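Q: Numbering (UniProt numbering), first residue to last: 1 to 715.
Virtual Cβ for every residue (Gly too), placed ideally from N, Cα, C.
As the structure is a computational prediction, the values presented were derived from the model and not from experiment.
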């Protein structure tokens, strides 16, 4: 909590004793050492005096005691985000650290204890691959022989475009040359696997040298003339990611020679095999471009299999950043004496790594590891993949079609377009993280400047590339999804900036609620197009990273204002916010998301939002006359029609039936009529006969992040 001058507030015992407070929340360490934790609290306005009354009266003393008690409760919920760490949100002591921007931090005021167990998925398999050398070597060689299957899957993924990072021509040429080499040798993968393994390992131990005049074919042949483990690992990672994007987990794949495997098992196998490849070339100290491509793609696949919040993913990304620094890709000087296509590929890789670094830092509330101030490499040019390999004159013509800022003028939406937009926003996100996660308290002026820079940064992206809700009817589904993800990243910067402003002054709750509602509205756009396979694959991580924090803020603020019997100061009305949250919760309980650790986290958070929503609607203490009259009317109608009203979100069965109604297709969260909004009359589902019994239910909430999602989301 900040004072008006921007400095942190001291707790009351330290302030009264005129000693230095360390500002730790909710209990400072000085009070802990003095064993007066029951007296430690942060008063929002310690020098404010009560107006009127006799200062010596017993009534005045009683009122002051009540004010102190209320102020203590308020202070616990007004913690400055810079000092709000994992224990503040009830994370168990043996859990990994989650900071103030993490996806769970918005629920800190609910007083729950969260048991975030480390995901044990594939733990036994990882150990076997690490210790059983015979099995690992034989299995790797056997998997290499299925390169024909990998080629087909990766070619399908690149035909979809949108989210690709490594230029398609390079990937396809690498696979083509590698396939020729492997099939020409006719390796005996069952009887001669040890010899094959040693040949690949020996080739991997030799360093790679690049020249400025090297063609793309020459570059690819460096890794396929003699098969190297970084090429094999890249192939595994791309194949696993492609299959995960293309098929449901239960789909049976025909790999080669009668070998069958379901898609979920195949993705896990590719993670294990890729991890083994990393261990091999790490032993030889080799770092090159293909190794970095492989590490990034492997980490991307690991998020799909092991979840977004696991410590293994966090370690994988840390190793990737170390490789970046080792090669020197963060400095522009290392991208000068190399071919144009390779220089642009490095810029693309740096752009996505900058974005990934800030995204992971925000999700877990941990400091970024690839700051922009240490990197001077420029964003990639807005060119199509094929244009990177043009001859000199053709390349000049392509470059003339770019604006001064490097954007293509024709409005074509290339993979590089997405990377450029995300790179622009990653610089803004880093500034937000500096304020949110920095140890030293920044001034309120810095926060205000960051808030003002959000719109200026967004304006740097041409309007023709920005997201709008009409793009779903006009553009390709993958392009719409890419635009939406970029817009989410911008809204996330605004959202976290508003959270910090709110922590300093609760008078800014209006702006925070508006920012949260903007995020939820885009989530609802995805919901309307969830029938597309591309949206289904991307939705769990999008909702975890962006939707849960925004919905969590909305439901906790509605709950807090309801309990305190205060009006909700936001542009969207209270009923509008509730309608949107009810719709989202009901839909999430009926939809079948892909089975994953990330989806499990989404389900658990949805259950929390649902219970908080029910708690809010059940609460009827200190009702205003108008509200009480409305509830009386509802009660009268229920009696006259012999109908029981129940305060709850719609059941999955109700929601499924309502989703089939034609008006549901015209859903708009900006409608003000309860009957017309979202296709069901939510006012007739809220009754008056249930009372809140506190938040004790949160203590029983199961936050085991390692469970598997079932088809039934209603539990």
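What whole-angstrom Cβ distance do residue 423 and residue 528 have, given they're in contact under 8 Å?
A: Within the chain shown, residue 423 is the residue found at index 423, counting from 1. Within the chain shown, residue 528 is the residue found at index 528, counting from 1. Not a contact, Cβ separation roughly 29 Å.
Q: Provide the residue(s) that pair with residue 260 in DSSP beta bridges, ordered along the chain.
A: Taking the first residue of the chain shown as position 1, residue 260 is located at position 260. Residue 260 pairs with 254.
Q: Does chain D have any CB closer than 7 Å to the CB of residue 464?
A: No chain D appears in this structure, which consists of one protein chain only.
Q: For a test of the three-state rule: what should DSSP assign to residue 402, helix, strand or coil?
A: The count along the chain shown starts at 1 and reaches residue 402 at position 402. Looking at residue 402 - three-state DSSP - the assignment turns out to be strand.
Q: Can we count residue 504 as close to the ligand SAM, meaning its CB is less than 6 Å from some heavy atom?
A: This structure lacks the ligand SAM; in fact it carries no ligand of any kind.
Q: Rounded to whole angstroms, what is the Cα-Cα separation between residue 493 and residue 526?
A: For the purposes of this step, residue 493 is identified with residue 493 of the chain shown, where counting begins at 1. For the purposes of this step, residue 526 is identified with residue 526 of the chain shown, where counting begins at 1. Going by C-alpha positions, residue 493 is about 20 Å away from residue 526.
Q: DSSP three-state call for residue 531: helix, strand or coil?
A: Here residue 531 refers to the residue found at position 531 when the chain shown is read from its first residue. In this structure, residue 531 counts as coil in the three-state DSSP scheme.
Q: Just curious, the alpha helix (DSSP H) that residue 423 is in, first and last residue?
A: Your numbering for residue 423 matches position 423 in the chain shown. That run of the alpha helix (DSSP H) goes 415-437.
Q: Give the DSSP bridge partners of residue 408, in chain order.
A: For the purposes of this step, residue 408 is taken as residue 408 along the chain shown, with counting starting at 1. In the DSSP output, where bridge partners are listed per residue, residue 408 has 402.
Q: For a test of the three-state rule: what should DSSP assign to residue 30, helix, strand or coil?
A: Counted from its first residue, the chain shown places residue 30 at position 30. Three-state result, residue 30: helix.
Q: Anyone know if the C-beta pair for residue 241 and residue 253 falls short of 7 Å?
A: Your numbering for residue 241 matches position 241 in the chain shown. Your numbering for residue 253 matches position 253 in the chain shown. No; because the gap between Cβ atoms is not below 7 Å, this pair is not in contact.
Q: Using a Cβ-Cβ cutoff of less than 7 Å, which residues in the same chain neighbour residue 297 once the five nearest sequence positions on both sides are dropped?
A: The residue you call residue 297 lines up with position 297 of the chain shown. Same-chain partners within the cutoff: 234, 237, 238, 241.
Q: Quick one: what's got a C-beta closer than 6 Å to residue 206's C-beta in the same chain, skipping five residues either side?
A: Sequence index remark: in the chain shown, residue 206 carries index 206 (1-based). So the list is empty, once near-sequence residues are dropped.
Q: Once DSSP output is grouped into helix, strand and coil, what is the label at residue 668?
A: As a working mapping, residue 668 is identified with position 668 in the chain shown. For residue 668, the predicted model reports a pLDDT of 34, less than 50, meaning its position is unreliable and no value from the coordinates is stated.
Q: If you reduce the DSSP assignment to three classes, tell me which class residue 206 lands in.
A: For the purposes of this step, residue 206 is taken as residue 206 along the chain shown, with counting starting at 1. Three-state result, residue 206: coil.
Q: Would residue 436 pass as a contact of residue 100 if the rule is Cβ separation under 7 Å?
A: The residue you call residue 436 lines up with position 436 of the chain shown. The residue you call residue 100 lines up with position 100 of the chain shown. Yes, the Cβ-Cβ distance between residue 436 and residue 100 is below 7 Å.
Q: Let me know the secondary structure DSSP gives residue 179 once reduced to three states.
A: The count along the chain shown starts at 1 and reaches residue 179 at position 179. If DSSP states are grouped into helix, strand and coil, residue 179 belongs with the helices.
Q: Could you spell out the range, first to last residue, of the alpha helix (DSSP H) harbouring residue 459?
A: What you label residue 459 is simply residue 459 of the chain shown in a count that begins at 1. Start and end: 444-459.
Q: Going along the chain, which residues of its own chain have a beta-carbon closer than 6 Å to the beta-carbon of residue 491, five neighbours each way excluded?
A: For the purposes of this step, residue 491 is identified with residue 491 of the chain shown, where counting begins at 1. If we look at residue 491 and ignore the five residues flanking it on each side, its Cβ neighbours are 518, 519.
Q: Sorted by chain position, which residues of the same chain lie with C-beta nearer than 7 Å to residue 544's C-beta, five sequence neighbours on each side aside?
A: Taking the first residue of the chain shown as position 1, residue 544 is located at position 544. Counting only Cβ-Cβ distances below 7 Å, and skipping sequence neighbours, we find 103, 308, 598, 601, 602.
Q: Find the nearest neighbour of residue 179 within the set 203, 204, 151, judged by alpha-carbon distance.
A: Here residue 179 refers to the residue found at position 179 when the chain shown is read from its first residue. For the residues 203, 204, 151, the minimum Cα distance to residue 179 belongs to 151.
Q: Hey, could you find the ends of the alpha helix (DSSP H) residue 14 is sitting in?
A: Here residue 14 corresponds to residue number 14 of the chain shown, with the count starting at 1. 12-17 is the extent of the alpha helix (DSSP H) around residue 14.
Q: Counting C-beta neighbours from all protein chains within 10 Å, is the total for residue 129 16 or more, i.e. buried, or is it exposed?
A: What you label residue 129 is simply residue 129 of the chain shown in a count that begins at 1. Buried, since its Cβ has 16 or more Cβ neighbours within 10 Å.
Q: So, residue 348 versus residue 335, is the Cβ gap smaller than 7 Å?
A: By one-based count along the chain shown, residue 348 stands at place 348. By one-based count along the chain shown, residue 335 stands at place 335. Between residue 348 and residue 335, the gap from beta carbon to beta carbon reaches 7 Å or more.
Q: Excluding five sequence neighbours on each side, which residues of the same chain lie with their C-beta closer than 7 Å to the C-beta of residue 37?
A: Within the chain shown, residue 37 is the residue found at index 37, counting from 1. These residues qualify, in order along the chain: 27, 31.
Q: Can you tell me whether residue 567 is buried or exposed, with buried defined as 16 or more other CB within 10 angstroms of its CB?
A: For the purposes of this step, residue 567 is identified with residue 567 of the chain shown, where counting begins at 1. Burial call: exposed.
Q: My parser needs the alpha helix (DSSP H) runs of 4 or more residues fully inside the region 332-373; what are they?
A: 340-364
Q: So, helix, strand or coil for residue 130, using DSSP?
A: By one-based count along the chain shown, residue 130 stands at place 130. Residue state, collapsed to three classes: helix.
Q: Just curious, the alpha helix (DSSP H) that residue 308 is in, first and last residue?
A: For the purposes of this step, residue 308 is taken as residue 308 along the chain shown, with counting starting at 1. Element bounds for residue 308: n/a, residue is neither H nor E.
Q: Does DSSP put residue 7 in a helix, in a strand, or in coil?
A: Working through the chain shown from its first residue, we reach residue 7 at position 7. Residue 7 carries a coil assignment under DSSP once its states are collapsed to helix, strand and coil.
Q: Pairing CB atoms from the region 221-230 with CB atoms from the region 286-293, are three or more of them under 8 Å?
A: yes
Q: Specify the secondary structure class of residue 702 as computed by DSSP and reduced to three states.
A: Numbered from its first residue, the chain shown carries residue 702 at position 702. Bear in mind that the predicted position of residue 702 carries a pLDDT of just 46, short of 50, making it too unreliable to give a figure here.
Q: Is residue 208 near residue 182, with beta carbons less than 7 Å apart?
A: As a first step, residue 208 must be located in the chain shown, where it is residue number 208. As a first step, residue 182 must be located in the chain shown, where it is residue number 182. Contact flag unset, no.
Q: Taking only three categories from DSSP, how would you classify residue 289?
A: Here residue 289 refers to the residue found at position 289 of the chain shown. If DSSP states are grouped into helix, strand and coil, residue 289 belongs with the helices.
Q: Give the range of the alpha helix (DSSP H) segment to which residue 561 is assigned.
A: Looking up residue 561 in the chain shown gives position 561. Element bounds for residue 561: 548-563.
Q: Could you tell me whether the Cβ atoms of residue 723 and residue 368 are closer together than 7 Å?
A: Outside the shown range of the chain, which is 1 to 715, sits residue 723, and nothing can be said about it.
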